[in-house]
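Just below is one structure, and these are the notes that go with it.
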Ligand code: PLP
């Protein structure tokens, strides 16, 4: 048997996306910057995707969308605009936010609680400390490791009170839970991408308020209204648009994975009562479970599960194949020892009860010898 339980890393392209791509591939050369008929066709496909994506988060006319190549680029671009100002981000951010923020002269990493939610007193105190004209607060909406969902309402009003702009990385939330920009208290910037929910790797977006500043990170031919140069990745963008067009049914499919996730957590807790399930008391993504049992290293679990054909990841899956204790879990107050035992299962619409039972059988062999 084979079980792919790593959808927060990337997901299989959906059938709708595959069909769309096959039809596009038969159209031949498509560069949206060309002014001839093929170029105009490509442009039309890209603009349809843009509209569908904006519609998927109920963006009003105050917002615009810039396509990028990946969420890492989106996050880096936004943060690079605040080099002269100050950026505050949470300690549980993805490394594509924490990395560029840590390079800035004026930055602060906001403490989080044991669910990974930011400490509002720490945010408020540190927003007061920076007397810069431009301030940005960057807070992840749904955590990629634990699935914890953050309530952005109070964060947003605190940003407004201190004249700071708000960015949220909603990469893991888009396609998994239903939300509008209004539900997120209308942030100034949001990052989303499509490869976690059935689209291709190679396209992501910055959705921004038109009045929020954005200088490009990649400069060249002036594509994307000058916000991001380079020939558009038509196939990936078309797949993004296709996911957006079907967002309601994709979310419904991901919501169904919660029953399997809850079944899994109940079983592992029975097998090892000392299991820690991270962010269990927080609202969470329906498909994500991150847990640790003391003395059971990430390496041992990942290798043995892989030998049985089961794909899971350590908490921090995006770290180029490295296995390291997760910075996010440590920031939540857990010891290095527990953090180095954490594994993450992230389910997708294709997963079955039989696959979860297969995982449980193999995990029991590793955890209960
Ligand atoms: N932000 C979050 C929350 C993520 O989970 C990821 C990837 O897992 C990224 C950003 C970076 O995405 P990418 O590697 O596609 O650029």
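Numbering (this note's numbering), first residue to last: 303 to 671. Glycine included, each C-beta is placed from N, C-alpha and C at the ideal position.
Practice problem: Look at the Cβ atom of residue 392, then the Cβ atom of residue 317, and state whether they are nearer than 8 angstroms. | Solution: no
Exercise. Report the option in 385, 398, 440, 366 whose CA atom is closest to the CA atom of residue 412.
Key: 440
Self-check item: Span separating the alpha-carbon of residue 619 from that of residue 630
Solution: Low confidence applies here, because residue 619 scores a pLDDT of 46, under 50, leaving its location unreliable; read the following figure in that light. Cα-Cα distance, rounded: 12 angstroms.
Practice problem: Alpha carbon to alpha carbon, how far is residue 552 from residue 314? Give it in angstroms, no decimals. | Solution: 13 angstroms
Quiz item: Within the present structure, is the beta-carbon of residue 497 separated from the nearest heavy atom of the ligand PLP by less than 7 angstroms?
Solution: yes
Quiz item: If you run the structure through DSSP and keep just helix, strand and coil, what is residue 313?
Solution: coil
Quiz prompt | Closest residue to residue 503 among 494, 510, 511, 668 (Cα-Cα distance) | solution = 494
Quiz item: Taking 7 angstroms as the line, does the beta carbon of residue 398 fall inside it for any heavy atom of the ligand PLP?
Solution: yes
Quiz item: Which of helix, strand or coil does DSSP assign to residue 533?
Solution: coil
Quiz item: Can the beta-carbon of residue 508 be found closer than 8 angstroms to that of residue 335?
Solution: no
Practice problem: In angstroms with no decimal places, state the Cα-to-Cα distance between residue 403 and residue 446. | Solution: 18 angstroms
Practice problem: Could you say which of 562, 432, 663 lies nearest to residue 655 if we only look at CA atoms? | Solution: 562
Quiz item: Say the cut is 7 angstroms; is the CB of residue 589 nearer than that to a heavy atom of the ligand PLP?
Solution: no
Self-check item: Rounded straight-line distance, which links the Cα of residue 538 to that of residue 592
Solution: 29 angstroms
Exercise. Identify which residue in 481, 541, 516, 521 has its Cα closest to the Cα of residue 496.
Key: 541
Practice problem: Would you check if the distance between the CB atom of residue 385 and the CB atom of residue 406 is smaller than 8 angstroms? | Solution: yes
Quiz item: Would you say residue 574 and residue 369 are within 8 angstroms of each other, going by their C-beta atoms?
Solution: no
Exercise. Output the distance between the C-alpha atoms of residue 325 and residue 461, rounded to the nearest integer angstrom.
Key: 45 angstroms
Self-check item: Given 8 angstroms, three or more beta-carbon pairs between the segment 655 to 666 and the segment 303 to 314
Solution: yes
Quiz item: Taking contact to mean at least 3 C-beta pairs separated by less than 8 angstroms, is the segment 412 to 425 in contact with the segment 633 to 647?
Solution: yes
Self-check item: Residue from 510, 478, 388 with nearest C-alpha to residue 488
Solution: 510
Quiz item: Does any heavy atom of the ligand PLP sit closer than 7 angstroms to the C-beta of residue 595?
Solution: no
Quiz item: Between the segment 352 to 370 and the segment 477 to 491, do three or more beta carbon pairs fall short of 8 angstroms?
Solution: yes
Practice problem: Run the proximity test for residue 428: is its beta-carbon closer than 7 angstroms to any non-hydrogen atom belonging to the ligand PLP? | Solution: no
Exercise. On a CA-only basis, which of 450, 650, 506, 501 is nearest residue 583? Give me that one, please.
Key: 450
Quiz prompt | Short Cβ contact (8 angstroms threshold) for residue 500 with residue 549 | solution = no
Quiz item: Got a sec, what are the start and stop residues for the beta strand (DSSP E) residue 438 sits in?
Solution: 437 to 442
Exercise. Grab me the residues of residue 388's own chain with a C-beta within less than 6 angstroms of its C-beta, minus the 5 sequence neighbours each way, in chain order.
Key: 408, 432, 434, 437
Exercise. May I have the straight-line CA-CA distance separating residue 458 from residue 468, to the nearest angstrom?
Key: 7 angstroms
Quiz item: From residue 340 to residue 327, what distance separates their C-alpha atoms?
Solution: 13 angstroms
Quiz prompt | Candidates 595, 381, 544: closest to residue 515 by CA position | solution = 381
Exercise. Sort out for me which residues DSSP pairs residue 666 with in a bridge.
Key: Partner(s): none; residue 666 has no beta bridge.
Exercise. Measure the Cβ-Cβ separation of residue 650 and residue 590 and say whether it is below 8 angstroms.
Key: no
Quiz item: Thinking C-alpha only, which one of 390, 554, 585 is nearest residue 465?
Solution: 390
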